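Worksheet: one structure, shown below.
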Amino acid sequence: MEIRLALSFGAFNALASGAELEFMLRDGTVVGLTLDDDAMKEMKDRFQQSLLMQWDGGPTQH
57 MEIRLALSFG AFNALASGAE LEFMLRDGTV VGLTLDDDAM KEMKDRFQQS LLMQWDGGPT
117 QH
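The opening residue of the sequence shown carries number 57 in the working numbering; numbering runs sequentially from there.
Listed below in structure tokens is the structure:
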């Protein structure tokens, strides 16, 4: 089964802060979503990289 989510900025920040989000599928199944330590580190690394790219004016194009 594949589940795709579109998270608001607030929900994204909540996950990054260690919160667990719960949502209900159409069939009534409740699913909890958290980030493990590896996912948390990757998300923080990507966020820091995106900030650096914005600070530098974007990716370098040759």
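Positions of the beta carbon are idealized from the N, C-alpha and C atoms, including for glycine. Since the model is a prediction, treat every value here as computed from it, not as a measurement.
Straight through space, the alpha carbons of E58 and V87 are spaced by roughly 13 Å. 7 Å or more divides the Cβ of E76 from the Cβ of T85. Of the candidates A72, F68, R60, R60 places its Cα closest to the Cα of M80.
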